[in-house]
Amino acid sequence: MGETVAKRRRGELLVAVLAALLFALVAAMLSAKPAKAEKVYVADKTVTVYEKYGRTDTGLTIENGDYLEITPGPEKIWSGVALTGSNGPEGWADRPTTERKFPLNNSPLNRETCWNVFDWSYWKCSSPYSLIGSEQRFRYWGWGQPTPVYSQFELKNWYSAPVKAGETYYGSMNTGTPYRLHLEINDDAPGNGSGYFTARVKVYRYQ
Numbered sequence: 000m001g002e003t004v005a006k007r008r009r010g011e012l013l014v015a016v017l018a019a020l021l022f023a024l025v026a027a028m029l030s031a032k033p034a035k036a037e038k039v040y041v042a043d044k045t046v047t048v049y050e051k052y053g054r055t056d057t058g059l060t061i062e063n064g065d066y067l068e069i070t071p072g073p074e075k076i077w078s079g080v081a082l083t084g085s086n087g088p089e090g091w092a093d094r095p096t097t098e099r100k101f102p103l104n105n106s107p108l109n110r111e112t113c114w115n116v117f118d119w120s121y122w123k124c125s126s127p128y129s130l131i132g133s134e135q136r137f138r139y140w141g142w143g144q145p146t147p148v149y150s151q152f153e154l155k156n157w158y159s160a161p162v163k164a165g166e167t168y169y170g171s172m173n174t175g176t177p178y179r180l181h182l183e184i185n186d187d188a189p190g191n192g193s194g195y196f197t198a199r200v201k202v203y204r205y206q
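Be aware that the sequence shown starts at 0, since it is given in numbering that gives the first Met the number 0, and climbs by one per residue.
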């Protein structure tokens, strides 16, 4: 009989130990926090955009989930328009135009509208001679080589005005296909003016 009691006690002890281990395992699983995604910079470079070229390839491909920081430098350009002075990367921010000859004005990414006093309508508008971004993708027509297609977007600061020197544009790419990032000047006639802009471009993602 004594041996039976001993076996029973050993069984109860084993059950208690297993229960304690299971409880500890469940508690550890409940208290464990998922690993926090780390912000990792994958690119940091300064790009020069000349008025005479209009568009400049940054050499950076923006992938899904990437974030952008674009900060223009203090350089200025002259637009080539007679009797006007030089301007910074914000362009003629006080004189937005609805003229469709400007690259951003025709871009499918342009969401800005201005009242057109000539025909009493709302047209897409943009800041002339400002520094803007450009997404380069390729369109396949079914024959020959793919054709590059550019979609321009405005570089805006936190209060939705074109960025000035030293201000930073923050953007992200969470949907769509990867694109090649270009910077360009919202210029209707590249090459008839002078000067250049610079911009520091940072790309980061969370891993």
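For each residue, glycine too, the CB sits at the ideal point set by N, CA and C.
The closest CA to that of Pro95, considering only Tyr158, Pro177 and Tyr128, is found on Tyr128. Thr197 is bridged by DSSP to Thr47. Between the segment 71 to 79 and the segment 150 to 165 there are three or more C-beta pairs closer than 8 Å, enough to call the two in contact. In terms of CA proximity to Ser106, Ser125 leads the group Pro88, Thr176 and Ser125. DSSP, read as helix, strand or coil, puts Pro102 in helix. Short of 6 Å from the beta carbon of Thr47, and not among the five residues preceding or following it, lie these beta carbons of its own chain, in chain order: Tyr195 and Thr197.
The Cβ atoms of Leu180 and Thr55 do not sit closer than 7 Å to each other.
In the three-state scheme derived from DSSP, where H, G and I count as helix and E and B as strand, Val80 is classed as coil.
Per the C-alpha coordinates, the member of Trp91, Ser150 and Gln135 positioned closest to Leu108 is Ser150.
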